[in-house]
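Data block below; observations after.
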Amino acid sequence: MATTKKTPAKKSATSTGAGKATTAAVPQPGTTPGKSTKETTTTKTKGTEPASPTQTASPQEVGNGGELHQLAGGDSPPMTTAHGTPVQDDQNSLRAGDRGPTLMSDFAFREKIFHFDHERIPERVVHARGYGAHGVFENYESLSDITRASIFAEAGKQTETFVRFSTVAGNLGSFDLARDVRGFATKFYTDEGNWDLVGNNIPVFFIQDAVKFPDLVHSVKEEPDRGFPQAQSAHDTFWDFASLMPESTHMTLWQMSDRAIPRSFRMMQGFGVHTFRFVNEAGESTFVKFHWRPLLGMQSVVWNEAVKINGADPDFHRRDLFDAITAGDFPEWELGVQVFDDAFADSFDFDVLDATKIIPEEVLPVRPIGKMTLNRVVDNVFAEIEQVAFMTQNVPPGIDFSNDPLLQGRNFSYLDTQLKRLGSTNFSQIPVNAPRCPVAHFQRDGHMQMAPQSGRTAYEPNSFSGDDRGPREAGPAGHVPFPGEVTGETRRIRAESFADHYSQARQFWLSQTPVEQDHIVAAYVFELGKCEVPAIRERMVANLRNVDESLATQVADGLGMPLPAASETTVPARDDLEPSPALSILANALETFEGRKLGLLVGDGADASAVKRLQQGVAKAGGMVEVIAVAVGGATLSDGTLLEADQAIAGAPSVLYDAVAIVAGSDGTPLANEPAARDFVADAFTHYKVIGLAGSTDALVAAAGLDGKLEGDSAVLPVGSAKDATAFVSRLAGPRQWERDLRA
Ligand code: HDD
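Per this note's numbering: the sequence shown = residues 10 to 753.
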């Protein structure tokens, strides 16, 4: 494949014979190509060069553009200990005698093992598995009429960003295609401090009040007495909780939809979820909701495919992001806002402070305000992706919180969790977390203090720094909290305006295409089918009856159970909400193959020009081609040339591709005899994919059990001639062949 660069083999270390005292040369590991280095792609926020860090008795400066403490890797000879002592021999510990015990005086050995023993830090309690990249945000136009946030001050202004995508429930080592919500957390290194927009790919949430978050998470994580299932909501405890918490119903509709099995991070929307505030220079506030829209369009896989991807490539999403960025195919998202005032909030049917609700785009359009491009993979996964610390409370002047009780609780949790994970209050000095603007405060010391804290004073006001004795705060130029009025009694209460749990769930359901509705039903059936306790299934279906009768009936039928009575509601579900077409993935799919991948299975003797035409056509359409052959060495084409393969068929099932083409030679039996090749075709068919065929493929199609099924299927196309190839490539831009009949 033209776009994936391979890491060259590393030189091996000189081997050391057992029992023989030998001195080995220090190996010189290879480097990974395709990774952009700081020199080539670091994007600096305009006008944010940090001031000198050595002002007398000054507020300290630690914002340094992420350059702090960049240690050379072990591949810059000579190798040293962590304290800089050159290491004599890293292959053999210090022994008394050729075959004697290791000596305590071997400080290099002890330091190495000591450090290794402490390499792991606690994984995130949620969103443990994730992947990230650096990028840049460019603002379209000045928003200074509604916010004083400097990032939005002028058109064309660029701000460095870091994004981490994640699954929620699974552990660090779990698989990418879990049916799960995806985190979409963005750190904007603005020139007035970091702004962390810590969102998801779904615009609503399971619960309304942060006090329920630990319960929600405990219910979805592995069950504590058995330690499984991980990375799955398909078990009793999750659905027990969801069925007892009707407020989660709307979110479960989204979670059972194809949103929870995205094709790629690059093809997901993102949402800030909560209502936030914009505040302008005059102190006037408007409410705002944030939306990310992928320019490659939204796309998901089907469930049967997701299950198989997890086995074939558990790193599917992270590899996809890494490959795209290193190939220079930078993913982009447009940032949009829904901006509204108090009058709109009061007139809206639901509470804008309730995170289980959306404001439909048809009611309040999303205004695009800028674009983010991810253009640099990390240099080190641990240093950046694992140590990045997102915090909802990181907001610059001009952006403020609303009273959403979920957001209020998050504003405590994110700071707290970083101390547990990163071990020190100084985690803001870790390069990926360090602001790119000057930092000035008198916080001192603490574990792992890295900043040069000079001067005699660490308090203010003080008179040691000349006339400016303090106070030193920014005053009105600082983050001025919006002076909202608070009235009412202090009580533990859920506002009545949060009571409707079903109307928007119904609206979401009715906004889906029939194919998407089928997927939602199948997902509920699958998940509830994994619940061992019948009462849990019953309770959940009883809740679904308040959403939509047909949904509940189909789920009950799928589970083979009688339809239970609808559960009681505090507020009856409304049936007068207009469907919102913007909520459907399929209704909004782009006609494109850009950023997508064709799996091209090639047999010996395949027509060389047919293969070449497909490669060129797909590349022209902005897609990628991966060549697959029986052996990774490749296939000999009709013109006698050897086409090197990117993958051997045994390691390249069709679930890894958006569409497939098979170009066989005049003898189709070698491919037909390969079980993996048979699955390749059969799965592509089952997953509604576009299939191209050239050469002798009849034997393979028959061996795949598809005899007679491909005729008349308009997404199964010949690819032998130039005309065929053109038609095939243009069909690739279209949807999957949803109308394909999968029955026997
Ligand atoms: Fe959270 C991580 C998104 C509610 C507490 N959350 C975390 C991450 C994302 C979200 C994307 C991963 C960040 C990263 O990649 O490092 N969380 C959300 C959204 C929520 C939400 C969109 C609802 C609208 N979260 C939520 C609540 C609480 C938390 C109500 C607690 C009261 N979330 C956390 C956390 C995590 C976290 C425990 C784990 C790791 C971390 O923060 O840094 O503090």
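Note that beta-carbon positions come from the ideal geometry of N, C-alpha and C, so glycine has one too.
Label residue i either buried or exposed according to how many other C-beta atoms from any shown protein chain fall within 10 Å of its C-beta, with 16 as the threshold for buried.
i, result
"D616", "buried"
"E393", "buried"
"M307", "buried"
"M276", "buried"
"L651", "exposed"
"T23", "Reliability fails at T23, whose pLDDT of 31 lies under 50, so the model's placement of it is uncertain and no value is given."
"E577", "exposed"
"N203", "buried"
"F694", "buried"
"S252", "buried"
"E256", "buried"
"K230", "buried"
"K629", "exposed"
"P444", "buried"
"H283", "buried"
"M457", "exposed"
Under the assumption that residue i contacts residue j (Cβ atoms under 8 Å), give the Cβ distance between them as a whole number of angstroms.
i, j, result
"F214", "L415", "6 Å"
"A137", "Y149", "35 Å between Cβ atoms; not a contact."
"I270", "L383", "Rounded, the Cβ-Cβ distance is 21 Å, inconsistent with contact."
"M265", "A532", "4 Å"
"T706", "G677", "6 Å"
"F451", "N442", "Going by Cβ atoms, the distance from F451 to N442 rounds to 20 Å, so no, they are not a contact pair."
"G141", "V172", "6 Å"
In the structure shown, what three-state DSSP assignment does residue i receive?
i, result
"Y198", "strand"
"W342", "strand"
"T3", "Any question about residue 3 goes unanswered here, given that the chain covers just 10 to 753."
"Q264", "helix"
"G192", "strand"
"E748", "coil"
"D413", "coil"
"L646", "coil"
"F357", "coil"
"H528", "helix"
"Q715", "Reading off the sequence, residue 715 comes out as Leu, not Gln. It is coil, neither helix nor strand."
"V226", "helix"
"L626", "Note that residue 626 is Gly in the sequence shown, not Leu. If DSSP states are grouped into helix, strand and coil, G626 belongs with the helices."
"K621", "helix"
"F349", "strand"
"M549", "helix"
"I394", "helix"
"P470", "coil"
"M570", "coil"
"P62", "Since pLDDT at P62 reaches only 28, below the 50 mark, its modelled position is unreliable, and no value is offered."
"H127", "coil"
"F118", "helix"
"I637", "strand"
"I658", "helix"
"A504", "coil"
"G320", "helix"
"D667", "coil"
"T94", "coil"
"D707", "helix"
By Cβ distance below 7 Å, which residues in the same chain neighbour residue i in space, the five residues on each side in sequence not counted?
i, result
"F507", "Q217, D360, D363"
"A574", "A551"
"R430", "I130, P131, R133"
"E370", "S589, A591"
"E469", "F451, G479, P480, R481"
"K55", "Unreliable placement is indicated for K55, whose pLDDT of 33 sits below 50; the coordinate value is still reported in the next sentence. Excluding positions up to five away in sequence, the list reads K166, Q167."
CB-CB under 8 Å to residue i, same chain, minus the five flanking residues each way: which ones, in chain order?
i, result
"D126", "none"
"T562", "L572"
"W518", "L262, Q526, I529, V556, D557, L560"
"A104", "This sequence places Arg at residue 104; Ala is not what is there. Same-chain partners within the cutoff: A30, P110, T111, L112."
I'd like the list of long-range same chain contacts for residue i, defined as Cβ closer than 6 Å, with 5 residues on each side in sequence excluded.
i, result
"Y697", "R745, Q746, W747, R749"
"H488", "P406"
"H510", "P255, E256, T258"
Could you check whether the region 154-162 touches the region 176-193, counting it as contact only if at least three pairs of C-beta atoms, one from each stretch, sit closer than 8 Å? no
Is the region 657-669 close to the region 306-322, with three or more CB pairs under 8 Å? yes
Taking 8 Å as the threshold, find out whether the region 342-355 comes into contact with the region 88-103 through three or more Cβ pairs. No, because fewer than three Cβ pairs between the region 342-355 and the region 88-103 fall closer than 8 Å, the two stretches do not touch.
Check whether the region 227-243 touches the region 535-554, counting contact only when three or more Cβ pairs, one atom from each stretch, lie closer than 8 Å. yes
Assess contact between the region 713-721 and the region 493-506, defined as three or more Cβ pairs (one per stretch) separated by less than 8 Å. Is contact present? no
Do the region 707-716 and the region 675-690 make contact, defined as three or more Cβ pairs closer than 8 Å? yes
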